[in-house]
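**Student:** Residue numbers (our numbering), protein chains in the order written: chain G, 1 to 584; chain E, 1 to 308. Each residue gets a CB set at the ideal place from its N, CA and C atoms; glycine is no exception. This is the structure I have questions about; it appears just below.
What follows is the structure, given as structure tokens:
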């Protein structure tokens, strides 16, 4: 025991040899701080960017952990047709992906496709809400109608879908060619919707075979999702000549197994997906195809991959070409006269407006396929519904101006992609469910069902959102919020494609996707933006040793010792820690 | 998995207690934590006057769960040599004697005893955590302060006018078994170096870049990012030197420009473009010198027989 030496009277005696005997834990250095770290799950940009409202980050995270069945269930909770969207969606999720700033977006569509195909092999258990007495009619079995029916069935309703064609699928079957979406894939996804208890009645045209008001009388609610099946006219002289045909009618023909004769030279007018599908289908029928578009490559609304595939397969593109008239020879179309355009100021769609130059040129042609847009036509429909003649006007949950009449998909005046249709179908299902439960509160509470400002989550509506590790904040994580230091560059997996010369010979699927193993690897490229994956970076870098593993698997911060330096938040690879000045 | 799981490389033990007195965002306790994680509890720390004298905690507390000897400024390696001798007499050859010193105690005040210990190849591990000035006493310049930096003794009108001493080359010139640079901003590299040093005998020297938010005038949460920038822009390259002869880079250095690194720190805010260009030129010249040293390393390690 060291002796103590006398010190200044009134002060504490210090031993001759001062030996520390206690730890520094008695000093609560946490009192120094003015800001507090908190673990907050935030929203990954893919989730916010998905028009369907899929918890993409959530299922990729489950795949990373090897929980494949749970990942499939989470995907199927939002998307009834993953094998379809994995093939044909324009994947805005990937455009939003923060990994673009590192080494390329995660190939989300390819992972979704593999999961969709896997779900065919391993049917999901049917999770449904308690059965409800009300019955709902859905008119149209395209993506919007199927989504609405599927979600309503999961909410517990009896649902009948009416389809005017002999087989369900709407534009997925009649508009999208088999080389992009094989029919057996579509059939299997639709079979799963039917397996949820959705009754699908084909060959019934509402307004002809069954009156609209009879439908509204028989069912407690109706969702109309009849799509847009009429090609818009060019309104130029000669459009009525034999050999000038609407692109959609041509596609419907080819997709029903027919092989119409087109002649040698085909011109497709338009720059959207219908135009690309027309061009690629026509090439498979032996034609030499030229696509005429009045703006340039950058403004084309078609999915980039489709444009590239069309180019690879040999389609020629004439940009800044606006058809003025078609001339005739021998009772058929012979030439298309075009005006050369130039790009002016951006229009309402944000794309630069094409302006005429007065310069003309002529292309010889055997068949013209027009694909400049589609509109809807409703027969015997209620005239008092707002937008009945152009595109139905709907509210945030698909409600039309008529009570208990909902609408979704291309029949509305909203965005026109498969993903948007699936998202709208889900919104209408939630709208109908709220309506039939006589829940008439304002819709602000629905914001809790959204991924930031993205689409509604059906899993959250059913309160089956998988348990989050931390309290959630509905804010999107940007690349600036991430710390890429801990991530290695891993190249994006490339899908296998048929060689173009072979692809052009038939209607086999061109893109064969990723193998299941590669898709699972690709899922691991996900940065899990905004969501803690318990990677221990915060724990390792905390200079105050204030972060420890918590009993429940996440982390605990000893606020008595955390000095609020913010290193954990700065070093967190995925922006899952937020510094706040509000004392927790 | 595209994330490097650093947790798999870093041993965990809790020899650093919370409640220590480092400023918020100080990298020194992080360096200490990583070092003790590797060395374990069979370690005696010798600590000349430095920031860590305060960080460790006031008597009767200690934030280190291993014995610590606080010593006079100039005497760290001398005290460590004595402790080493006493341990060896007791047969405790495996106990690590760790000298933990700042840049002032290494580059300036302690260099004679460090040089002496290295000359005798004392069996000690010497870690200099370099925050590039006498931070604890109020940010006075040391011979580790980089050219152009502001400190309270080198105000912005008359910033530091000498180049930072090349302490790694000085120590390598003693032909000690191991000399290296490290920073806790790259914890896996840091832990690998301490692990390698622990397994060796003789004088081992690790020069640690340890950002100091108050002294560098940066945000509390920016220090580690700045340290990574200093490595990637070659201001503070990651190196190892064995036996004073074999120089080796321990990671790739992107060769970024130094300007963004300088501009993020208040201590360099006064620098004009010409001064930044001067620093860039010095960094580039030093890098070329290092390349020659690294390339001078024989391609075949010593002791490996070569068939003809």
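Mind pulling the chain E residues with CB within less than 9 Å of residue 573/G?
**Tutor:** As a working note, residue 573/G is residue 573 in the first chain. Neighbours of residue 573/G on chain E, chain order: 3.
**Student:** Assuming residue 77/G contacts residue 46/G under a Cβ cut-off of 8 Å, what Cβ separation, rounded to an integer in Å, is found between them?
**Tutor:** Here residue 77/G refers to the residue found at position 77 of the first chain. Here residue 46/G refers to the residue found at position 46 of the first chain. Actually they are not in contact, since the Cβ atoms of residue 77/G and residue 46/G sit about 16 Å apart, beyond 8 Å.
**Student:** Which chain G residues are close to residue 225/E, counting only those with a beta carbon under 7 Å from its beta carbon?
**Tutor:** Looking up residue 225/E in the second chain gives position 225. Residues of chain G passing the Cβ test: 570.
**Student:** What residues match up with residue 231/G in a beta bridge as DSSP calls it?
**Tutor:** One-based indexing of the first chain puts residue 231/G at position 231. BP columns for residue 231/G point to 374/G.
**Student:** Buried or exposed: which applies to residue 371/G, given that a residue is buried once 16 or more other Cβ atoms fall within 10 Å of its Cβ?
**Tutor:** Counting from 1 along the first chain, the entry for residue 371/G is found at position 371. Buried, since its Cβ has 16 or more Cβ neighbours within 10 Å.
**Student:** Just grab the DSSP bridge partners of residue 291/G for me.
**Tutor:** For the purposes of this step, residue 291/G is taken as residue 291 along the first chain, with counting starting at 1. 268/G, 317/G, per the DSSP bridge assignment.
**Student:** Is DSSP giving residue 461/G helix, strand or coil here?
**Tutor:** Along the first chain, read from residue 1 onward, the residue named residue 461/G stands at position 461. Helix, per DSSP.
**Student:** Going by the beta-carbon positions, is the gap between residue 493/G and residue 511/G smaller than 8 Å?
**Tutor:** Position 493 of the first chain holds residue 493/G. Position 511 of the first chain holds residue 511/G. No, the pair does not count as a contact, with Cβ atoms beyond the cut-off.
**Student:** Could you tell me whether the stretch 141-151 of chain G touches the stretch 428-442 of chain G, using the rule of 3 or more Cβ pairs below 8 Å?
**Tutor:** The stretch 141-151 of chain G, when compared against the stretch 428-442 of chain G, does touch it at the 8 Å Cβ threshold.
**Student:** Determine the extent of the alpha helix (DSSP H) in which residue 89/E is found, giving its start and end residues.
**Tutor:** Start at 1 with the first residue of the second chain, and residue 89/E comes out as number 89. 76-89 is the extent of the alpha helix (DSSP H) around residue 89/E.
**Student:** Report yes or no: is there a C-beta of chain G within less than 8 Å of the C-beta of residue 102/E?
**Tutor:** Position 102 of the second chain, counting from 1, holds the residue named residue 102/E. Output row for residue 102/E: interface = no.
**Student:** For residue 344/G, report the span of its alpha helix (DSSP H) as first-last.
**Tutor:** Stepping through the first chain from its first residue, residue 344/G is reached at position 344. Here residue 344/G belongs to no alpha helix (DSSP H); instead the beta strand (DSSP E) covers 332-346.
**Student:** What are the boundary residues of the alpha helix (DSSP H) that includes residue 431/G?
**Tutor:** On the first chain, residue 431/G is found 431 positions in, with the first residue counted as 1. Its alpha helix (DSSP H) spans residues 418-436.
**Student:** Compare the C-beta of residue 280/E against all C-beta atoms of chain G and say whether one is closer than 8 Å.
**Tutor:** In the second chain, counting from the first residue as 1, residue 280/E sits at position 280. Output row for residue 280/E: interface = no.
**Student:** Are the CB atoms of residue 128/E and residue 167/E nearer to each other than 8 Å?
**Tutor:** On the second chain, residue 128/E is found 128 positions in, with the first residue counted as 1. On the second chain, residue 167/E is found 167 positions in, with the first residue counted as 1. Against a cut-off of 8 Å, the Cβ pair of residue 167/E and residue 128/E comes out as a contact.
**Student:** In whole angstroms, what separates the C-alpha of residue 214/G from that of residue 137/G?
**Tutor:** The sequence position of residue 214/G within the first chain is 214, counting from 1. The sequence position of residue 137/G within the first chain is 137, counting from 1. If I take the Cα positions, the gap works out to 11 Å.
**Student:** Scan the stretch 21-73 of chain G and note each continuous beta strand (DSSP E) run of 3 residues or more that stays entirely inside, going in chain order.
**Tutor:** For the stretch 21-73 of chain G, whole beta strand (DSSP E) runs of length 3 or above, ordered along the chain, are 36-43.
**Student:** Return the first residue and the last residue of the alpha helix (DSSP H) that residue 133/E is part of.
**Tutor:** Numbered from 1 along the second chain, position 133 holds the residue referred to as residue 133/E. Segment: none, residue 133/E is in no alpha helix (DSSP H) and carries neither H nor E.
**Student:** Return the CA-CA distance between residue 86/G and residue 218/G, expressed in angstroms with no decimal places.
**Tutor:** To locate residue 86/G, count along the first chain from 1; it is residue 86. To locate residue 218/G, count along the first chain from 1; it is residue 218. The straight-line gap from Cα to Cα measures roughly 36 Å.
**Student:** Between which two residues does the alpha helix (DSSP H) carrying residue 30/E extend?
**Tutor:** Taking the first residue of the second chain as 1, we reach residue 30/E at position 30. 28-39 is the span of the alpha helix (DSSP H), which, as asked, contains residue 30/E.
**Student:** So is residue 255/G buried or exposed if we call it buried at 16+ other beta carbons inside 10 Å?
**Tutor:** Sequence index remark: in the first chain, residue 255/G carries index 255 (1-based). Flag for residue 255/G reads buried.
**Student:** Mind listing which residues of the stretch 10-22 of chain E have their C-beta closer than 8 Å to chain G's C-betas, in chain order?
**Tutor:** Within the stretch 10-22 of chain E, the residues whose Cβ lies closer than 8 Å to some Cβ of chain G are 10, 14, 16, 17, 18, 19, 20, 21, 22, listed in chain order.
**Student:** So which residues of chain E does residue 26/G contact, with C-beta pairs closer than 7 Å?
**Tutor:** For the purposes of this step, residue 26/G is taken as the residue at position 26 of the first chain. The contacting residues are 19, 61.
**Student:** Hey, out of 114/G, 29/G, 16/G, whose CA is closest to residue 518/G's CA?
**Tutor:** Residue 518/G sits at position 518 when you count from the first residue of the first chain. When each option's Cα is compared against that of residue 518/G, the closest is 114/G.
**Student:** At 8 Å on the CB atoms, spell out the chain G contacts of residue 88/E, in chain order.
**Tutor:** For the purposes of this step, residue 88/E is taken as residue 88 along the second chain, with counting starting at 1. The contacting residues do not exist; residue 88/E stays about 23 Å from chain G at best.
**Student:** Cβ of residue 82/G within 8 Å of Cβ of residue 51/G?
**Tutor:** Here residue 82/G is taken as the residue at index 82 of the first chain, counted from 1. Here residue 51/G is taken as the residue at index 51 of the first chain, counted from 1. Result no, Cβ atoms of residue 82/G and residue 51/G do not sit closer than 8 Å.
**Student:** Below 8 Å on the Cβ atoms is my contact criterion, and I expect residue 509/G with residue 182/G to pass it. Report the Cβ-Cβ distance as a whole number of Å.
**Tutor:** Taking the first residue of the first chain as 1, we reach residue 509/G at position 509. Taking the first residue of the first chain as 1, we reach residue 182/G at position 182. Contact flag correct, Cβ pair sits at about 5 Å.
**Student:** Could you check whether residue 488/G and residue 4/E sit closer than 8 Å to each other, using their CB atoms as the reference points?
**Tutor:** As a working mapping, residue 4/E is identified with position 4 in the second chain. As a working mapping, residue 488/G is identified with position 488 in the first chain. Against a cut-off of 8 Å, the Cβ pair of residue 488/G and residue 4/E comes out as a contact.
**Student:** Just the chain E side, please: which residues come within less than 8 Å of residue 553/G by C-beta, in chain order?
**Tutor:** Mapped onto the first chain, residue 553/G falls at position 553. By Cβ distance, chain E contributes nothing, its closest Cβ being about 14 Å from residue 553/G, past 8 Å.
**Student:** Going by Cα to Cα distance, which pick from 157/G, 108/G, 140/G is closest to residue 131/G?
**Tutor:** Residue numbering aside, residue 131/G sits at position 131 when the first chain is read from its first letter. Minimum Cα distance to residue 131/G is reached at 157/G.
**Student:** Report the residue from 179/G, 553/G, 374/G, 210/G whose alpha carbon sits nearest the alpha carbon of residue 257/G.
**Tutor:** Within the first chain, numbered from 1, the residue matching residue 257/G stands at position 257. Comparing Cα positions, the closest option is 179/G.
**Student:** Below 8 Å on C-beta distance, what does residue 159/G contact in chain E?
**Tutor:** Translated into positions along the first chain, residue 159/G becomes position 159. What residue 159/G touches in chain E: nothing, since even the nearest Cβ is about 42 Å away.
**Student:** Just mark residue 307/E as buried or exposed, buried being the case when its beta carbon has 16 or more other beta carbons within 10 Å.
**Tutor:** In the second chain, residue 307/E corresponds to position 307, counting from 1. Note that residue 307/E has pLDDT 44, beneath the 50 cutoff, so the model's placement of it is unreliable and no number is given.
**Student:** Would you check if the stretch 140-160 of chain E and the stretch 170-179 of chain E touch, i.e. whether three or more CB-CB distances between them fall below 8 Å?
**Tutor:** Taking 8 Å as the limit for Cβ pairs, the verdict is that the stretch 140-160 of chain E does not touch the stretch 170-179 of chain E.
**Student:** On the CB-based measure, 16 or more other CB atoms within 10 Å of its CB, does residue 19/G come out buried or exposed?
**Tutor:** Within the first chain, numbered from 1, the residue matching residue 19/G stands at position 19. Per the 10 Å Cβ criterion, exposed.
**Student:** Exposed or buried, residue 207/E, counting other C-beta atoms within 10 Å across all chains shown (16 or more means buried)?
**Tutor:** Translated into the one-based positions of the second chain, residue 207/E becomes position 207. Per the 10 Å Cβ criterion, buried.
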